[in-house]
Each structure stands twice: as structure tokens, then as C-alpha cells.
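Novice: Take a look at this one; I'll ask things after.
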Amino acid sequence: MNQLDEAVRLIAQAKKELCEADPEHLRKRIRQLESENHALRQTVKILSDKRSQDRERVRQWETAFSQSESAKKHQKTTQLPSDSLTQLASEPQAEQDDPKLPDLPPSSQPIVTASLPLNSDDVLSDEPLDDSILESSPTEDDPLKHIIAREWHPSDFVVNPNYGKAYTEVVRGNQRQCLHGNDCEDCAKFYALLGNGGNALIQMASRHREDWRRQETPPGFWRSEFVDTQHQAQEKSDLATKRAVEANRRLEEALVNGQYLFRDRALREMVNGLRKKKIC
1 MNQLDEAVRL IAQAKKELCE ADPEHLRKRI RQLESENHAL RQTVKILSDK
51 RSQDRERVRQ WETAFSQSES AKKHQKTTQL PSDSLTQLAS EPQAEQDDPK
101 LPDLPPSSQP IVTASLPLNS DDVLSDEPLD DSILESSPTE DDPLKHIIAR
151 EWHPSDFVVN PNYGKAYTEV VRGNQRQCLH GNDCEDCAKF YALLGNGGNA
201 LIQMASRHRE DWRRQETPPG FWRSEFVDTQ HQAQEKSDLA TKRAVEANRR
251 LEEALVNGQY LFRDRALREM VNGLRKKKIC
């Protein structure tokens, strides 16, 4: 637009100087400026039309995108699984309107159950406790057998807040000798050769002493290269074994109200009641 204004100004100046200079030379200059002005106007018109076309194209794209998004949302809310549609189509209309319930024979004995209610306040993780923790009719000889035989996960236990040492601090000298000894991954093979006498030697001579066992590094944590499927399967198996060992250790502590407790309050109260009965 600045060039267009400049051309108009020059044309006006040329017309003004027409009477003061050579008329023929000024006429040529005026015609030249008029041709440049016409070319600039054509360029401005082309750019304006192209800008309008681009705006219209962007508007069409936005409309198409909004329509596709609304169609996807509508399809997700209204679409049913193919199995459900097949089942609805195969069932008679009478069964859909009024399904018949099977006739159950009356029982002459009252229903007896020993299960305890589950308190959802004790569930602190995203992995809820399995409903099969408490059976409806545990064995009368030793109910703890079912609890011990169950497959446990470390997340099924919580730290005992009433435990004497609920934190880790630096301990030296004679106090360190009083701590519980344990073995690390490097010493495990050596202690495995000792057999049943390994635990006594660990408590007497182990250099690993602490109140709370540190979290071990997962298998393959420090490896930077990719591994094949066989190594991945082996690492998963090793991790599952370590998880089972840690779960069993926490189970032993939970049975005596040690460092860990059962996450489920009903199961915790049940174990405490059984322990009090044995003490009495």
C-alpha cells in the first residue's frame, strides 16, 4: 500500500509539473506511472482474493473436524458390543420382557457364615485385597493355615505405626551389633551352602545389619541395552520370586504384630483374636 500511495503522489506531482516542464517528457512519465499503478492494484486484488480463499478453507476444515469429533462421541455412547447385539437378537421377546428365575428348593437348615465385613477405609492402594481372604467356613483345627497358604503380595501389608522403630537412622558400635543381621544378593549363594545353620551365622557375623530391610534394585535396572525375550522372561521370574519372599517375610511379621500389619482390618482383628486365644 505504501508503494501505491507513492505512485499516486508521483502522478499528482507529474501532472502539476506538466505546465512547468517539457510536455512530451512529462506525458511519457505519467503513462509509465499509471501502468505501474495499475500493476500494483492488480497485485493487491490477487492477494486479497487469496486471503479470502484461505479463510474459507480454514473455516471448512474447522467445521469438518468438529463434526467428526461429535460423531465419534456419539458412536462411543451408542455403540453396543457385537456379542450383546447377537445375544439380544437371538433371545425371544418373552424372555427379554419377563425372564424366568430358576426354582430353588427350600432349605431346612439356617445359613451359617463366619465371614467378617470388609472395611474399605483400610484399602490404601490401587490393588484391592482379594475377596477370597476369608472363607465362609474356615477349618476349626487351625484357621491360620488358610491364611498362611494363600498367595500374598507385598502390597497386602502396611507398616505398623506402633512399632518401636518406624524409621531408619545411623547406628554404630555396640548398638549395631544388636541389630538383626540379614544377607544381600551377593552373599545369598554363600549362605545357601550352609543349609539350616545359615540363619545363626547371619545373625552372628553378617556385615549387613539394619532394622528395616532396604528395597532391592529390580533385576536389569542398571542395564542400558535391549535384551531378548528369554532374558526378559528370566528377569520377570526372578522378580516374582523376590516378591514372594518379601511377601512371606511381611506375613511372618504381620502374624505377630511386628514391623508390618495386614492391610485388611477385619483380617487383622481375626488374627489378633486367634493369637489371644492361643495365649490364654
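Letter by letter, the sequence shown follows residues 1 to 280 in the UniProt record's numbering.
Just so it is clear, CB atoms sit at the ideal spot from N, CA and C, and this is done for glycine as well.
1) Over what stretch of residues does the alpha helix (DSSP H) that includes residue 290 continue unbroken?
2) Rounding to the nearest angstrom, what Cα-Cα distance links residue 24 and residue 6 in this structure?
3) Does residue 276 pass the burial test, meaning 16 or more other C-beta atoms within 10 Å, or should it be called exposed?
4) Can you tell me where the alpha helix (DSSP H) with residue 3 in it begins and where it stops?
5) How many whole angstroms separate the CB atoms of residue 266 and residue 157, which I take to be in contact at a CB cut-off of 8 Å?
6) If you follow the beta strand (DSSP E) that residue 305 is part of, which residue opens it and which one closes it?
7) Residue 255: beta carbon under 7 Å from a heavy atom of the ligand FAD?
8) Would you check if there are 3 or more beta carbon pairs closer than 8 Å linking the stretch 221–233 to the stretch 245–262?
9) So the beta strand (DSSP E) residue 262 belongs to, where does it begin and stop?
10) Within 10 Å of its beta-carbon, does residue 264 have 16 or more other beta-carbons around it, so buried, or fewer, so exposed?
11) Quick check on residue 34: does DSSP put it in helix, strand or coil?
12) Compute the Euclidean distance between the alpha carbons of residue 47 and residue 227, then round it to the nearest angstrom.
13) Count the other CB atoms within 10 Å of the CB of residue 259; is the residue buried (16 or more) or exposed (fewer)?
14) Comparing C-alpha positions only, which one of 10, 58, 16 sits nearest to residue 35?
15) Do you know offhand how far residue 238's Cα is from residue 245's?
Specialist: Per the coordinate set shown:
1) Beyond the ends of the chain as shown, which are 1 and 280, falls residue 290; an answer cannot be given.
2) 22 Å
3) exposed
4) Per DSSP, the unbroken alpha helix (DSSP H) holding residue 3 starts and ends at 2–16.
5) Not a contact, Cβ separation roughly 15 Å.
6) Examination of residue 305 is not possible in this model, given that the chain is present from 1 through 280 alone.
7) In the structure shown, the ligand FAD is absent, as is every other ligand, since no ligand is present at all.
8) no
9) 260–262
10) buried
11) helix
12) 59 Å
13) buried
14) 10
15) 11 Å
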